[in-house]
Amino acid sequence: LLDGFIDELAEGAELVYPPAVVEEEISQMLESLKAQTKQSGWQWEDYLALQGETEESLRERWQEQAEKRVQRGLILREVVVREKLNIDDMDLDAAVDERLERFGDNAELKEQLREFFRQGPGLETISNDLLMRKVYERIEAIVTGNAPDLDALEAAAEADIEDDADLDETEEE
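In this note's numbering, the protein residues as written are 12 to 184.
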């Protein structure tokens, strides 16, 4: 349902991006396959020979798939911007805690993993996962007609901030 909705958006959208973005996507796809091949114990050249492929033939074959991935990525980024989606520290803490539950009572391992998810690649991975989860939740809410009005939510948040400021001023007097 959601993937179909995103594909429909892509079909109706005029997306502009340089061809180099698609080439970079294909390069990332190749690097990923190379890493998987190596993890499986194969040499890259042997894998290509067994498949009857070359890197160039893979690039050509993956062109359309890479274009779709780039287009979907642009649309998802636009959803993030237009729907004002973001991740805060509470979101991150909850997601980290959720992932750490799988490791039982090993406090040392949990602390190491918590550190991993709070910086560098770990933070990037968990942040991307969280943001994509929010994007898909928002798209689902829109598609099903259950999405709250963003302007109303923003107005309510601003009113809460003003009320808190007024309360602080009253307490100071």
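Idealized CB from N, CA, C, for every residue including glycine.
query: With C-beta atoms as the reference, is T48 less than 9 angstroms away from Q54?
result: The criterion of a C-beta distance shorter than 9 angstroms is satisfied by T48 and Q54.
- prompt: Does the stretch 118-129 come close enough to the stretch 142-156 that 3 or more CB-CB pairs lie under 8 angstroms?
  reply: With fewer than three CB-CB distances shorter than 8 angstroms, the stretch 142-156 does not count as touching the stretch 118-129.
message: For V32 and V81, what's the separation of their Cα atoms in angstroms?
response: Looking at the backbone, the Cα of V32 and that of V81 are separated by about 7 angstroms.
message: At the level of alpha carbons, what is the spacing between I98 and V91?
response: Straight-line Cα distance between these residues: approximately 11 angstroms.
query: Can you give the Cα-Cα distance for E66 and D100, rounded to whole angstroms?
result: Straight-line spacing of the CA atoms in E66 and D100 works out to 42 angstroms.
Length at least 4, wholly inside the stretch 131-175: the alpha helix (DSSP H) runs in chain order: 131-154, all fully within the stretch 131-175.
field: Cβ distance (whole Å) where I137 is taken to contact V107 below 8 angstroms
entry: Between V107 and I137 the Cβ distance is about 7 angstroms, and since that is below 8 angstroms, they are a contact.
- prompt: When the Cα of R125 is compared with those of A105, D140 and N139, which residue comes out closest?
  reply: Nearest of A105, D140 and N139 to R125, Cα basis: A105.
field: Distance, P30 Cα to A158 Cα
entry: So the alpha carbons of these two residues sit roughly 35 angstroms apart.
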